[in-house]
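Written out below as structure tokens is the structure these notes cover.
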Amino acid sequence: MKYYGADVVFPVASPAIKKGIVAMDDHGVVKGVFNPGEIDEAQVEYFKGALIPGFINAHCHLELSHMAGVIAQKTGLPKFLEAVMDGRELNQSNVEQAMLDADKTMYDNGIQAVGDHVNSAVTAQVKEASPIAYHTFVEVMALNKDDVVKRIDNAKEIEFHFDYKHSSITPHAPYSSSKYLFKSLKKAISEDNIISIHNQESDEENKLFRYKKGEFLEFYKKIAYNFDEFKAQARNSLQSFLPYIPAKNKLILVHNTYTSIKDLDFVDRMGRDVFFCFCPKANLYIEDRLPKIENFMLGKYNIILGTDSLASNDTLDILEELKVLHNEYNHLDFQETIKWATLNGAKALNLDHELGSLEEGKKPGLVLLEGMETFKLDEKVKVRRIR
Ligand SMILES: [Zn+2]
């Protein structure tokens, strides 16, 4: 048994403890969290800072790791997508090493589990050998009716390469899915298939659904997609596609940068299990804008955090995402946001039986936030993995 003490311990599922102590066995299983004085001091290894469970990065694309620094910033989403399509074939010799490096970086940055989106099986080996727990989301994109069956079959073939308990099939984004795809997916997946869809990452997506206007029309021209059949919906994208998502499946909506209060009211009326995933640094990289976090907090929605990929971020580090949020919204309470970064993400990925909080019997990893002596997160705080 090892005892770890720090200025403050955040068990996450219970209130923070000043000068708290975490007991872990040789396998990293939590055996208890204690108040000062409950454990003989001579047995305790003390750290300056805060101890937390390992982070959960709920949204990433490991297979794009070789695109670090390739794509221009702040161009808006449609131009970003074009650049990814043009650029993902570059640096092919570097793909394997870039994924290995990204995986190691995430582990060193205290990340215990990752929700990772794929379009191929190229990440399978890295994930199998990694100490990180991955849930793989195989993306399906199909705008043309004739492509739908073929694309779903292809996704099922790719899913076969990943741990079947921790993988699922998901539509990629509203602008890359047709109603035919949504209808066919509903039949093709089971109720335990977690869905994770990019949502309202750009206002162009809302313009497309609302008015059939904007930059996505140019994007479709570039990919030679005939969009004639689509009718303007006179409402935002989320309100247009949500009714097509099977009601019982757990749903992660990723980004939500342009999700309005009306959209949230619409989600409420659907009465379904939804997690809102924010990737603040990627939003700044692509759109130079952050989601309206307060709206989601007022409604007490389940919030989770992701880094997105190195194509739209210069770090894979959940602490850095937290810093951006705390810097922008300085009234945020770390006791709340640490839940977004850990336990909520574990719940979204069905990993909370083992990860996301310092609770007896779990094996959540142990991470030190060096320099965090109070409940306030500032720029100087650094992440260091202890277990
Ligand atoms: Zn993404």
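Taken in order, the sequence shown gives residues 4 to 390; the numbers are from our numbering.
Glycine included, every Cβ here is placed at the ideal spot set by N, Cα and C.
#1: Any heavy atom of ligand 1 inside 7 Å of the beta-carbon of Val257?
#2: Taking 7 Å as the cut-off, is the C-beta of Asp311 nearer than that to any heavy atom in ligand 1?
#3: Tell me where the alpha helix (DSSP H) around Ala53 begins and ends.
#4: Against chain B, with Cβ distances strictly below 8 Å, would Glu162 count as a contact?
#5: Measure the C-alpha to C-alpha separation of Asn229 and Met27 and round it to an integer number of angstroms.
#6: In chain order, which continuous runs of the alpha helix (DSSP H) of length 4 or greater are located wholly inside the stretch 273-303?
#7: Should Lys366 go down as buried or exposed, given a rule of 16 or more other Cβ atoms within 10 Å for buried?
#8: Which whole-angstrom value is the C-beta distance of Leu267 and Asn202, which I expect to be below 8 Å?
#9: Given the structure, does His201 come close to ligand 1, in the sense that its CB is under 7 Å from one of the ligand's heavy atoms?
#10: From this set, Arg387, Thr345, Leu371 and Asp381, which residue's C-alpha is nearest Ile24's C-alpha?
#11: Expressed to the nearest angstrom, what Euclidean distance is found between the alpha-carbon atoms of Phe50 and Glu373?
#12: Pull the bridge partners of Arg388 from the DSSP assignment, please.
#13: What are the boundary residues of the alpha helix (DSSP H) that includes Gln203?
#14: Suppose you measure from the CA of Leu103 to the CA of Lys34; what does that come to, to the nearest Å?
#15: DSSP has Lys5 in a bridge; who is on the other side?
#16: Rounded to a whole number of angstroms, what is the C-alpha to C-alpha distance between Asn316 and Leu84?
#17: Grab the span of the beta strand (DSSP E) containing Gly118 for me, first residue to last.
#18: Which stretch, first to last residue, makes up the alpha helix (DSSP H) that contains Tyr223?
#19: For Asn330, which of helix, strand or coil comes out of DSSP?
#20: Between Tyr178, Leu254 and Glu142, which lies nearest to Glu194 when the distance is taken from Cα to Cα?
#21: Classify Leu319 as helix, strand or coil using the three-state DSSP reduction.
#22: Cα separation between Pro18 and Asn347?
#23: If you measure between the beta carbons of His138 and Leu352, is that distance less than 8 Å?
From the atom records:
#1: Here residue 257 corresponds to residue number 254 of the sequence shown, with the count starting at 1. Yes, Cβ of Val257 sits closer than 7 Å to a heavy atom of ligand 1.
#2: Taking the sequence shown and counting its residues from 1, one reaches residue 311 at position 308. Flag set: Cβ of Asp311 near ligand 1.
#3: Within the sequence shown, the letter at position 50 stands for residue 53. Looking at the DSSP string, Ala53 is not in any alpha helix (DSSP H); the run it does join, the beta strand (DSSP E), is Val47 to Ile55.
#4: The structure shown has no chain B; it contains just one protein chain.
#5: Locating residue 229 in the sequence shown gives position 226, counting from the first residue. Locating residue 27 in the sequence shown gives position 24, counting from the first residue. In a straight line, the C-alpha of Asn229 is about 58 Å away from that of Met27.
#6: 283-289 and 296-301
#7: On the sequence shown, position 363 is the one that residue 366 refers to. The residue in question, Lys366, is buried, as its Cβ has 16 or more Cβ neighbours within 10 Å.
#8: Here residue 267 refers to the residue found at position 264 when the sequence shown is read from its first residue. Here residue 202 refers to the residue found at position 199 when the sequence shown is read from its first residue. Not a contact, Cβ separation roughly 12 Å.
#9: Taking the sequence shown and counting its residues from 1, the one referred to as residue 201 is at position 198. Yes, Cβ of His201 sits closer than 7 Å to a heavy atom of ligand 1.
#10: Position 21 of the sequence shown, counted from the start, is the residue given in the question as residue 24. Looking at the Cα atoms, Leu371 is the closest of the given residues.
#11: The residue given as residue 50 occupies position 47 in the sequence shown. The residue given as residue 373 occupies position 370 in the sequence shown. Computed Cα separation, rounded: 8 Å.
#12: The count along the sequence shown starts at 1 and reaches residue 388 at position 385. Bridge partners of Arg388 according to DSSP: Val370.
#13: Here the question's residue 203 lines up with position 200 in the sequence shown. From DSSP, Gln203 is part of no alpha helix (DSSP H); its letter is neither H nor E.
#14: Locating residue 103 in the sequence shown gives position 100, where the first residue counts as 1. Locating residue 34 in the sequence shown gives position 31, where the first residue counts as 1. Each residue's alpha carbon lies about 32 Å from the other.
#15: As a position in the sequence shown, residue 5 is number 2, starting the count at 1. In DSSP, Lys5 forms a bridge with Met27.
#16: Within the sequence shown, numbered from 1, the residue matching residue 316 stands at position 313. Within the sequence shown, numbered from 1, the residue matching residue 84 stands at position 81. If you take the alpha carbons of Asn316 and Leu84, they lie about 14 Å apart.
#17: Against the sequence shown, residue 118 aligns to sequence position 115. Its beta strand (DSSP E) spans residues Ile114 to Val121.
#18: Counting from 1 along the sequence shown, the entry for residue 223 is found at position 220. Residues Glu218 to Lys225.
#19: Against the sequence shown, residue 330 aligns to sequence position 327. In this structure, Asn330 counts as helix in the three-state DSSP scheme.
#20: For the purposes of this step, residue 194 is taken as the residue at position 191 of the sequence shown. Leu254 is the residue among Tyr178, Leu254 and Glu142 whose C-alpha sits nearest the C-alpha of Glu194.
#21: Within the sequence shown, the letter at position 316 stands for residue 319. Three-state result, Leu319: coil.
#22: Numbered from its first residue, the sequence shown carries residue 18 at position 15. Numbered from its first residue, the sequence shown carries residue 347 at position 344. Their Cα atoms are separated by approximately 16 Å.
#23: Against the sequence shown, residue 138 aligns to sequence position 135. Against the sequence shown, residue 352 aligns to sequence position 349. Result yes, Cβ atoms of His138 and Leu352 sit closer than 8 Å.
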